[in-house]
Amino acid sequence: MRAGWRRGLIELRQSFTNGPELVSHFLWPVLMLVALFFLRHRDFGATGFRLGALALPSILGMNAAMGMVSMSQLLTADREDGTLLRAKAIPNGMAGYVLGKVVSVAGGLVVDLAILLIPGLFLVGGFAVGAAHWFTFAWVLVLGLVATLPIGAILGSVFTTARSQGLIQLPMLGLIAISGIFYPITALPGWLAWIGQLTPVYWLGLGMRSALLPPEAVVVEVGHSWRHLETVAVLGLWAVAGLLLAPVVLRRTARRESGSKVAERRERALRRVA
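Residues 1 to 274 (UniProt numbering) are what the sequence shown spells out, left to right.
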């Protein structure tokens, strides 16, 4: 546990001292702030609520859910370069490795959310920022990370090369499109709204909206309710499923790793470059 914690903090610090990774930390939040700037004065229908105010909490939830993609990409890259094999070779190495990834990915996500949230509160306005709201924000974020990061670990174990990560990106973009991020899910056709509500992305967005928006904004939600109990139930189910499956899948993946497979993947990568 101590080694995994230290590993995660080292990786987190490195991500903020590395040029390309530093750009990635700021690029997406800045693009979202630009989108919010153009939405800040647009109303949602006849409700009188600003579309920018409805979108900011949803974008925060989407960013938290995208942690599963980051986790998947990191695990896939570590399989290719032999990092996962080295972790398997030492006592309790896999446990320390997974903990380190959780610490680094979750820490990076929290910083990314702060980069977006703090300017966004001033740019858009109209948010509720009392102690109870921040408490809701905290438990939704923690539960959302527990629900999504194990899924990322599973996906990183399934896909064997970094080139195959595109197979994850496309479905994620589709889920984001129907999850009520940029427009309330009640404006979508009923069957699409039901599909969107099966994913953790929607419930993270809903939980963030319930934390930051004033109570009267609930009229744009399904059933005119923030549905906190349903949020806990759905995210909890995703968390339990991920926590049960991820260790099994990771152990099977680690058992299949060998020096010859790492060398074979390295040769294929060199041939692609050449």
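Built from N, CA and C at the ideal position, the CB exists for glycine as well.
Practice problem: Whole angstroms is fine: what's the gap from Val69's alpha carbon to Lys88's? | Solution: 23 Å
Quiz item: What residues in its chain sit with their C-beta under 6 Å from that of Ala193, if we drop five residues either side in the sequence?
Solution: Ile185
Quiz item: Based on Cα-Cα distance, which residue from Trp134, Pro215, Met62, Pro214 lies nearest to Leu145?
Solution: Met62
Self-check item: Buried/exposed call for Ala64, threshold 16 Cβ in 10 Å
Solution: buried
Quiz item: Given a threshold of 16 other Cβ atoms within 10 Å of its Cβ, counted over all protein chains shown, does Asp43 qualify as buried or as exposed?
Solution: exposed
Practice problem: Assign Pro29 to buried or exposed, taking buried as 16 or more other Cβ atoms, counted over all protein chains shown, within 10 Å of its Cβ. | Solution: buried
Quiz item: Among residues of its own chain, excluding the 5 on either side of Tyr202, which ones have a beta-carbon nearer than 7 Å to its beta-carbon?
Solution: Ser179, Gly180, Ile185, Gly196
Quiz item: For Arg252, does the three-state DSSP call read helix, strand or coil?
Solution: helix
Practice problem: Would you list the one or two residues that DSSP bridges to Arg209? | Solution: In the DSSP output, where bridge partners are listed per residue, Arg209 has none listed.
Quiz item: Shortest alpha-carbon distance to Val232 belongs to which of Gly205, Asp112, Pro215?
Solution: Gly205
Quiz prompt | Rounded C-alpha distance that separates Val103 from Leu188 | solution = 36 Å
Quiz item: So, using beta-carbon positions, are Leu235 and Pro200 closer together than 9 Å?
Solution: yes
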